[in-house]
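Worksheet for the structure shown next.
In this note's numbering, the protein residues as written are 24 to 109.
Set out below in structure tokens:
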């Protein structure tokens, strides 16, 4: 129905705004503590790994389900941790 689609659009819009704000805050905090170059490497590693993962998933025959999404979040945490430590 129309009400559900409006609510879904609002929720997706809020999610996108939250992702952008979180990305910017993390980048600014990393710039403050680690310097500009390292912060940009971390900031670029997250969207790049997300894009590659979502491109590879269909090629490997996987669908988006809860297990795949949880594994994706876990791997994303490892990518961020490795980018910060190294």
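We treat Cβ as the ideally placed atom computed from N, Cα and C, and that holds for glycine.
{"Asked": "Taking only the alpha-carbon atoms, compute the straight-line gap between residue 72 and residue 106 and give it to the nearest angstrom.", "Found": "12 Å"}
{"Asked": "From this set, 86, 68, 84, 81, which residue's C-alpha is nearest residue 98's C-alpha?", "Found": "68"}
{"Asked": "Ordered along the chain, which non-local residues of its own chain (more than five positions away) have a Cβ less than 7 Å from that of residue 65?", "Found": "53, 103, 106, 107"}
{"Asked": "Return yes when the Cβ of residue 95 is within less than 8 Å of the Cβ of residue 76, no when it is not.", "Found": "yes"}
{"Asked": "Helix, strand or coil, according to DSSP, for residue 85 in the structure here?", "Found": "coil"}
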